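Novice:
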Amino acid sequence: MSFEQVEHTHPRLKGFEAFYARELEPFLVEQEALRVAAQSKLKLYSLISLPSAAFGLGLVYLLGGFDGGWIGWVVAAVIVIVTLGVLAYATAGVAEVKKHVKEELMTRVCGFLGFTFNAEPLSAQLEWFRSIGLVPSYDRKSLEDEIDGSHDDVHFTLCEAHLEERRTRRDSDGRTETYYVTVFRGLLARFTFPKPFNTRTVLHRDGGMIGNFFGGIGKGGQRVRLEDPRFEKMFEVFSDDQIEARYLLTPTFMERVVELADIVGGRLQLAFDSNQLLLTVGGGKDRFESGSMFSRVDDPEMVAKIVREIGIVFQIVESLRLNLKTRI
Amino acid sequence: MEILLGLAAVVLVGGYAWYVTVVSRRNRALEALSSIDVQLRKRHDLIPNVLKIAQRFMEHEKELLTEVTELRANAMSDYDKSDPAAVKAHLDTERALQSGMVRLFATAEAYPELRSAETMVTAQQTYSEVEGHISAARRFYNASVTDLNNSVQIFPGSLIAGFAGVQPMPFYEIEEAARAPVDASDFLK
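As you go down the protein sequences, you meet chains A and B in turn.
For the first sequence, my numbering gives the first residue as 1, with consecutive numbering after it.
For the second sequence, my numbering gives the first residue as 1, with consecutive numbering after it.
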């Protein structure tokens with residue numbers, strides 16, 4: 001997708017092509033040169049360290065270092081550790097360039113749109129999402145890429161979250177092994193909501209008849225059954241107040257939520273709480289990334305992809321008409 | 001003999017479960033009706049303010065203003081919530097009142113001074129907000145009535161409901177005028 005096409009995806013992106021040429025391209029070209037240099041260094045270190053390590057280990061083997069005693073094993077361990085250290089040092093150079101490019105690119109693109117970017121958000125908001133049940137319980141968390149700003153007078157904050165749960169298993173020797181499984185990876189977002197409300201209403205993904213029965217246990221509030229069959233097929237609504245839930249979820253708003261679920265394509269869940277609309281989009285997609293370690297950083301398509309991903313904010317605000325003063 | 005006893009037990013337990021369902025749904029519908037009344041009270045409280053503002057500008061609309069005043073008085077009178085006919089009459093009066101208010105606001109559009117009066121604008125915004133809550137309460141009530149009527153009207157629910165003295169309840173439907181699309185040309189002259 002060319003930047004001319006990107007500009008046409010939303011009025012707020014008007015002038016992005018010129019911005020790219022003026023602000024982003026020179027920076028990315030410069031960073032690409034640094035990445036290539038770091039990558040060459042990695043190649044060189046690999047070419048020296050890996051054969052050297054193989055030679056060293058082979059020598060230890062030929063000299064009978066593994067046949068008895070511990071000296072051979074210690075030497076082998078030192079060779080492996082030194083080799084891994086050299087490779088880690090050389091890899092860090094490439095990773096550092098990629099990290100710098102991503103942060104600077106996000107900061108500049110967000111700045112163009114009037115938003116602010118924070119690579120390492122505070123985790124205080126996460127507990128809010130968890131207490132409402134929009135994300136599951138977790139033992140390990142990682143938050144990144146927080147974007148904060150306003151669109152059409154609707155203030156928003158969004159970030160990416162990766163949540164993992166700790167599990168243990170026993171192998172055949174009876175040893176206990178701890179490992180982590182991903183329980184949520186996706187976007188967390190909150191928006192100011194035009195209607196005032198006092199209670200909490202949560203829209204969980206529909207889990208089918210059995211899933212809803214067991215899933216409903218422990219969820220706060222009463223189940224709210226609504227008239228829109230498409231909406232009911234997608235979501236299971238719980239609220240502290242049957243009437244306020246319907247005040248917020250008008251037939252028109254339900255249609256918009258269904259449309260948004262189609263657009264974002266992930267596992268969309270919403271909640272109305274403390275005069276804010278909270279929203280999660282699960283589905284495992286890692287957004288706002290500048291590609292793999294060995295991909296070019298001056299690829300215009302990578303920039304276009306990031307811009308399109310930030311555009312989810314416009315899609316949410318405009319699909320749900322959060323900017324409507326009529327509060328319908 | 002044991003089979004007959006077993007069958008009788010199943011019928012008794014099933015009948016009792018249905019009875020519990022019917023009564024709890026009736027109670028839920030009554031609770032929803034009370035919720036509507038809470039929201040309707042907000043409308044009733046707001047109407048005198050709207051009429052007071054309108055009276056200052058709409059001298060030629062006395063008939064309409066009087067009609068709305070009378071409809072409000074009727075709507076505020078007590079009724080028996082356990083009598084479906086009384087509930088229907090009450091909801092019909094509210095429907096007529098809503099229709100009267102729609103006509104009042106539509107007529108007010110012909111009075112530019114009234115339309116632009118700050119108090120009227122605020123009153124209209126508040127009224128829209130209240131109507132939003134009434135609409136939500138109406139949807140909750142109608143959903144509860146659907147559940148109740150299904151359990152009361154489907155056999156053997158009709159027998160059990162007759163035994164328990166539970167009757168179907170009327171839906172709260174809105175006036176066609178309030179549902180009809182607005183002709184923008186009327187207001188853009």
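Using N, Cα and C, we set each Cβ at its ideal position, and we do this for glycine too.
As the structure is a prediction and not an experimental result, all values here were calculated from the model.
Give the residues of chain B in contact with R35(A), contact being defined as C-beta atoms less than 8 Å apart.
Specialist: Within 8 Å Cβ-Cβ: nothing; R35(A) doesn't reach chain B, min ~55 Å.
Novice: Mind checking I3(B): buried by the 16 CB within 10 Å criterion, or exposed?
Specialist: exposed
Novice: According to DSSP, is V258(A) helix, strand or coil?
Specialist: Per DSSP, reduced to three states, the secondary structure at V258(A) is helical.
Novice: Leaving out the 5 sequence neighbours to the left and right, which residues in its chain are closer than 8 Å to I328(A) when beta-carbon positions are compared?
Specialist: Below a pLDDT of 50, predicted positions are generally treated as unreliable, and I328(A), at 48, falls in that range; no measurement from the model is reported.
Novice: Is the separation between the beta-carbon of Q269(A) and that of H204(A) shorter than 8 Å?
Specialist: yes
Novice: Please go through the same chain and pick out, in chain order, the residues whose beta-carbon is closer than 6 Å to the beta-carbon of D139(A), but skip the five residues on each side of it.
Specialist: Around D139(A): E165, R166.
Novice: Could one say the Cβ of L188(B) lies closer than 8 Å to chain A's Cβ atoms, at least one of them?
Specialist: At L188(B), the pLDDT of 46 sits below 50, so the modelled position is not reliable; the number obtained from the coordinates is stated separately. Output row for L188(B): interface = no.
Novice: With DSSP run on the structure shown, which of helix, strand or coil describes I328(A)?
Specialist: Note that I328(A) has pLDDT 48, beneath the 50 cutoff, so the model's placement of it is unreliable and no number is given.
Novice: Roughly how many angstroms separate the alpha carbons of A76(A) and K43(A), rounded to a whole number?
Specialist: 23 Å
Novice: What residue does the alpha helix (DSSP H) around F112(A) start on, and which one ends it?
Specialist: Following the DSSP letters along the chain, one finds F112(A) inside the alpha helix (DSSP H) bounded by residues 71-113.
Novice: Under three-state DSSP, which class holds R287(A)?
Specialist: coil
Novice: For a contact meaning CB atoms closer than 7 Å, what does S35(B) contact in chain A?
Specialist: I243
Novice: In whole angstroms, what separates the C-alpha of A143(B) from that of Y247(A)?
Specialist: 14 Å
Novice: Would you call the stretch 59-69 of chain A and the stretch 120-140 of chain A touching, i.e. three or more CB-CB distances under 8 Å?
Specialist: Touching, no.
Novice: So F156(A) and V313(A) are in contact, right, with Cβ under 8 Å, and what is the actual spacing, rounded?
Specialist: 6 Å
Novice: Please confirm if the stretch 4-19 of chain B is in contact with the stretch 97-115 of chain B, defined as three or more CB-CB distances below 8 Å between the two stretches.
Specialist: Contact fails: fewer than three Cβ-Cβ distances are below 8 Å.
Novice: Answer yes or no: does any C-beta atom of chain B fall closer than 8 Å to that of R205(A)?
Specialist: no
Novice: Does the beta-carbon of S35(B) have 16 or more other beta-carbons within 10 angstroms, so that it is buried, or is it exposed?
Specialist: buried
Novice: What are the residues of the stretch 152-179 of chain B that lie near chain A, defined by any Cβ-Cβ distance shorter than 8 Å?
Specialist: Correct list: empty, as no residue qualifies.
Novice: Based on the DSSP output, what are the partners of I312(A) in its beta bridges?
Specialist: Partner(s): none; I312(A) has no beta bridge.
Novice: Can you give me, in chain order, the residues of the stretch 128-149 of chain B that have a beta carbon less than 7 Å from any beta carbon in chain A?
Specialist: G132, H133, A136, A137, R139, F140, A143
Novice: With DSSP run on the structure shown, which of helix, strand or coil describes L248(A)?
Specialist: helix
Novice: Beta-carbon of R230(A) versus every beta-carbon of chain B: anything under 8 Å?
Specialist: no
Novice: Please state the DSSP three-state secondary structure of S123(A).
Specialist: Coil.
Novice: Does DSSP put N142(B) in a helix, a strand or coil?
Specialist: helix
Novice: Is the stretch 54-71 of chain B close to the stretch 140-155 of chain B, with three or more CB pairs under 8 Å?
Specialist: no
Novice: Name the chain B residues whose beta carbon is nearer than 8 Å to that of E227(A)?
Specialist: Residues of chain B passing the Cβ test: R139, A143.
Novice: Can at least three beta-carbon pairs, one atom from the stretch 9-27 of chain B and one from the stretch 119-136 of chain B, be found at a separation below 8 Å?
Specialist: Contact between the stretch 9-27 of chain B and the stretch 119-136 of chain B is absent: fewer than 3 CB-CB pairs across the two stretches fall below 8 Å.
Novice: Between which residues of its own chain and V183(A) is the CB-CB distance below 7 Å, once the five residues before and five after are set aside?
Specialist: P136, Y138, L163, E164, E165
Novice: Any contact between the stretch 101-119 of chain A and the stretch 79-90 of chain A? By contact I mean 3 or more CB pairs, one from each, below 8 Å.
Specialist: With the cut-off at 8 Å, the stretch 101-119 of chain A and the stretch 79-90 of chain A do not touch.
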